[in-house]
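Residue numbers (the numbering used here), protein chains in the order written: chain A, 760 to 1211; chain B, 760 to 1211.
See below for the structure under consideration.
Number of protein chains: 2
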Amino acid sequence: MENLKAYIAENQQRFLDELFELIRIPSISSESAHEADMYRAAKLWKKILLDCGADRAEVIETKGNPLTYGEKIIDPSFLTVLVYGHMDVMPVDPRELWTSDPFEPEIRDGKIYARGADDDKGQSFMHAKAFEYLVKNDLLRCNVKFIIEGEEEVGSENLPAFCRANKDLLKADIILVSDTSMIGPDIPSLTTGLRGLAYWEIEVLGPNRDLHSGLFGGAVANPINILAKMLADVSDENNHITIPGFYDKVQDVSAEERAKMARAPFDEKAYKDTLGIAELWGESGYSTNERTGIRPTFDVCGIWGGYSGEGAKTVLPSKAYAKLSTRLVPNQDYKEIASLVKDYFEKIAPPSVKVKVSYLHGGNAYVCPVDIPAYKAAEKAYTKVYGIPPVPVRSGGSIPIISTFEEILGQKSVLMGFGLESDAIHSPNENYPVEQFLKGIETIAWFYYYFA
Amino acid sequence: MENLKAYIAENQQRFLDELFELIRIPSISSESAHEADMYRAAKLWKKILLDCGADRAEVIETKGNPLTYGEKIIDPSFLTVLVYGHMDVMPVDPRELWTSDPFEPEIRDGKIYARGADDDKGQSFMHAKAFEYLVKNDLLRCNVKFIIEGEEEVGSENLPAFCRANKDLLKADIILVSDTSMIGPDIPSLTTGLRGLAYWEIEVLGPNRDLHSGLFGGAVANPINILAKMLADVSDENNHITIPGFYDKVQDVSAEERAKMARAPFDEKAYKDTLGIAELWGESGYSTNERTGIRPTFDVCGIWGGYSGEGAKTVLPSKAYAKLSTRLVPNQDYKEIASLVKDYFEKIAPPSVKVKVSYLHGGNAYVCPVDIPAYKAAEKAYTKVYGIPPVPVRSGGSIPIISTFEEILGQKSVLMGFGLESDAIHSPNENYPVEQFLKGIETIAWFYYYFA
């Protein structure tokens, strides 16, 4: 492995060029207009895997977007690593807040700026390049399987069925995923927990047309006022969620574990300054890391209705809408929560409006034990590259398919993320430091070394 | 006056053609892109007045949109009527809900469909045509002044200054306005009260960019959640507004007057069916007519923030906005309410977000006495044309300039409206029955006869 650093340095420009080719495909899975781009991305991944040294790779149809599977089986008696990543990305709006074209990657101040630069094109591509190094230098001592899907950002709807139908194909000793972040560029960390997710759209229908707010105001229920009330009632003055049954299955974290979490570095001032906010916010009785790590949440991701143009329009609108999401923790069941929230809103809707809640997607929370061999191999790899051992952290984010893998394939995942909080994933000007990209390749190569 | 009906019948097609020319100008005052259209409308009104028989007419600049003034002075010793109307219209969105082009009037089922067909192009144009009839048939026994403004839908911002500077020019014995509606095509009514209005835009600023709702959700205040809470808290479970001081100056209406109002015909089932709603809504302890007639209201006219596209985007948005309006009653002062509401929201804003409230426009409520000569002349005119005397009603709508006229010019207005509730003013598919248009011309001509 002594030539690893040199190999990465020599091939750095080619690695970036190849990644940029992938990023240029606007593979936004939530927008049906990009259906063809999902196929282009899947085909490119097939080529990437074959070029890196896979024995075989193929684009596989699902009921939704295609996925790419590839493998290199050295010896069936060796350990097998299943690498999971996703080729789809989030929408780019508000487009006007991007400094450069979201699908024309640009390096500024040592960072790659583009949609997908981190999440998850940049991160999943590191696996291809670590694999390439090991194959080309005859250092691979594991079997490797890759599954790169195209629906992660919309809830991995069709991957569970694929997993159920291909349990043998996907059989492995560990699942390896880079789709999370580290505490800071000098503070490596490994994500040991992910929150679950459930997502809905709510529609509040009032009168059959927009009305004059003077002639009808006060006598006809205003769908926006009603929606605001319904959303406001979801939490109390302690920012505790009030939907009956919502916390029933929430796993309480022991005082001991909370004390350990409290030792993770957290600079409140820097955190607030980065976000441009004067005060933090959250559920009473919990720290910021606990609020994102071990507690469920309720966020309105979008809201719209009535007049939003220039100046004043005195209208009592006919309809109001919102996109709602909750983040879930062990042992909440996202399907139970999906029904619970839908039923709750439809039940509390006053008779003066019609309320319809559509469940869009979700997944369960996940916890990775810190004593399994693969976790320990990852710990050593980070220590080797970053000089200090990684901190185990519970992330607030969700990768719903991770808990589904555990359920269907019976296999844990190790979350070797190299993103940074400043990468602005899901936001305008998403970026990924070139250094994290290169160190990620290096760390992943060392993982294989220690794991084998 | 015996040839009045015949004159209207003979000229009906020309009247409609002329009105359609006015309607075709998209004079949306709240959208700056239509600035030139405001001038086109003002110039056309000048031509209309001169063609109808005005001695003089001119387009007058203001700091905002121009207005048109015209007059015919027969004899300074005669009574003078000042006709007020507005040439500006509301925006047309949602555009896709219109059956025909909002600025290409179309007659279907005896109704003119177009933005402004009723409010207020159709209604103000009736005055031009009644005036034309009287002039051409040498029946005019009053002096007549016309003031047609271009900013009514955005709060008549520049008209008060014009009135203050031109008190002599606008001197009159009564102000006559057609910008309200009747109970039904067979139930004439005269509006004796108008609600006041105040309108704001509220902006809630959270983090400096859209955030990942998993990584930050639960720890950073979500501007939409906060806005929903602030809007929900504006009213209690009785739909009573909770902003301190809001009701302080509200004039209580006597039990006797409420009993009189309760005799106005109201078909709850028909009202609900027309609007497509299952239940009415409003402040406890008041009837529907009282809720719109004598009680103030708080309506959210628009709301937006975060993701509103297809599917799911798990974002904690940076900003949220709403357009807010209240309808006011005597003796609430719109300037006091404007500050009260602005201060209230800025004060209750939690420190985790920044809240900015911009006051957009407003005006006071108005009451017309039923014993003044002009009101009685109007009463006789409706009785003559519709066969039964008009019901005096308090409308929920607002024409802020009416109370301003009283304040500056010291003159009451008589509100001879011919709109119908089904005209969908401010909504898609605004319309105005041709019959109401023609009967309006007839009734206005009789008003001059009885008033002189």
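C-beta atoms are modelled at their ideal positions from N, C-alpha and C, and glycine is treated no differently.
For clarity, every value in this text was computed on a predicted model and none was experimentally measured.
Nearest-angstrom Cα distance between residue i and residue j?
i       : j       : result
A:P1132 : A:Q1170 : 13 Å
A:N1123 : B:L956  : 49 Å
A:I985  : A:I1107 : 10 Å
B:S883  : B:F890  : 11 Å
A:P1159 : A:S1111 : 37 Å
B:F975  : A:A1037 : 15 Å
B:F1057 : A:V1150 : 52 Å
A:S1181 : A:R874  : 14 Å
B:N917  : B:T821  : 6 Å
B:T951  : B:V1129 : 7 Å
B:L1034 : B:R1153 : 21 Å
B:I753  : B:A813  : Since the first residue of chain B shown is 760 and the last is 1211, residue 753 of chain B is not available in this structure.
A:K1019 : A:L949  : 15 Å
B:L935  : A:K1078 : 36 Å
A:A768  : B:R854  : 57 Å
A:I961  : A:G1061 : 10 Å
A:E780  : A:P835  : 34 Å
B:P1089 : B:Y1080 : 30 Å
A:M849  : B:V1114 : 29 Å
B:Y1125 : B:S994  : 25 Å
A:L808  : B:G1065 : 37 Å
Any Cβ of chain A within less than 8 Å of the Cβ of residue i?
i       : result
B:D810  : no
B:R822  : For clarity, residue 822 of chain B is Lys in the given sequence; the question names Arg instead. No, because no Cβ of chain A sits closer than 8 Å to the Cβ of B:K822.
B:V1173 : no
B:M1163 : A small correction: the amino acid at residue 1163 of chain B is Thr; Met does not occupy that position in the sequence shown. Chain A, which has no Cβ nearer than 8 Å to the Cβ of B:T1163, makes this no.
B:V1152 : no
B:T729  : Outside the shown range of chain B, which is 760 to 1211, sits residue 729 of chain B, and nothing can be said about it.
B:I1062 : yes
B:S1084 : yes
B:G1270 : The structure shown has nothing for residue 1270 of chain B, since chain B only spans 760 to 1211.
B:P947  : no
B:S789  : yes
B:A991  : yes
Within 8 Å of any Cβ in chain B, is that where the Cβ of residue i sits?
i       : result
A:H1120 : yes
A:D1058 : yes
A:D852  : yes
A:I983  : yes
A:K988  : yes
A:G1004 : no
A:A1079 : yes
A:G1068 : yes
A:G1156 : yes
A:L956  : yes
A:G1065 : yes
May I ask you to list the residues that DSSP assigns as paired with residue i?
i       : result
A:H971  : A:V1074
B:P1192 : B:K870
B:M908  : According to the sequence displayed, residue 908 of chain B carries Glu and not Met. Beta-bridge pairing links B:E908 to B:H845.
B:Y1118 : B:W959
B:I1062 : A:G1064, B:A1081
B:S1172 : B:I934
B:V903  : B:K831, B:V840
A:E1244 : Any question about residue 1244 of chain A goes unanswered here, given that chain A covers just 760 to 1211.
B:T1056 : B:R1086
A:I787  : A:V848
A:G1178 : A:S940
Check: Quick one, which residues of the region 1088 to 1114 of chain B are near chain A if we go by CB-CB under 9 Å, in chain order?
Finding: Legend: CB atoms of the region 1088 to 1114 of chain B lying less than 9 Å from CB atoms of chain A belong to residues P1109, P1110, S1111, V1112, K1113.
Check: Which ranges would you report for the alpha helix (DSSP H) in the region 802 to 848 of chain A if only whole runs of at least 4 residues count?
Finding: Taking 4 residues as the shortest admissible run, the region 802 to 848 of chain A contains no complete alpha helix (DSSP H) segment at all.
Note to self: At a CB distance below 9 Å, what residues from the region 961 to 979 of chain A approach chain B? Give them in sequence order.
What the structure shows: Residues L964, G965, P966, N967, R968, D969, L970, H971, S972, G973, L974, F975, G976, G977, A978, V979.
Checklist line | Secondary structure, beta strand (DSSP E): runs of 3+ residues fully inside the region 938 to 1013 of chain A | finding: Correct list: 948 to 953, 955 to 964.
Next item on the list: Report the residues of the region 1029 to 1054 of chain B with a CB closer than 7 Å to any CB of chain A, ordered along the chain.
Entry: Listed in chain order, the positions of the region 1029 to 1054 of chain B with a beta carbon within less than 7 Å of a beta carbon of chain A are L1034, G1035, I1036, A1037, E1038, L1039, W1040, G1041, E1042, T1047, R1050, T1051, R1054.
Checklist line | chain A contacts from the region 836 to 867 of chain B (Cβ-Cβ distance under 8 Å) | finding: So the list reads M849, P850, D852, P853, L856, given in the order they occur along the chain.
Notebook entry, point to check: In the region 1083 to 1153 of chain A, which residue ranges form an unbroken alpha helix (DSSP H) of at least 4 residues, counting only runs that do not cross its ends?
Noted result: You should have 1093 to 1107, 1132 to 1145.
Notebook entry, point to check: Listed in chain order, which residues of the region 872 to 890 of chain A have Cβ atoms closer than 8 Å to some Cβ of chain B?
Noted result: Within the region 872 to 890 of chain A, no residue has a Cβ that lies closer than 8 Å to any Cβ of chain B.
Item checked: chain B contacts made by the region 1166 to 1192 of chain A, where a contact means CB separation under 9 Å -> If the cut-off is 9 Å between Cβ atoms, the region 1166 to 1192 of chain A has E1180, A1183, I1184, H1185, S1186, P1187, N1188 near chain B.
Notebook entry, point to check: Going along the chain, which residues of the region 906 to 919 of chain A sit with their C-beta nearer than 9 Å to a C-beta in chain B?
Noted result: Sequence-ordered contacts of the region 906 to 919 of chain A with chain B read E912, V913, G914 [C-beta pairs closer than 9 Å].
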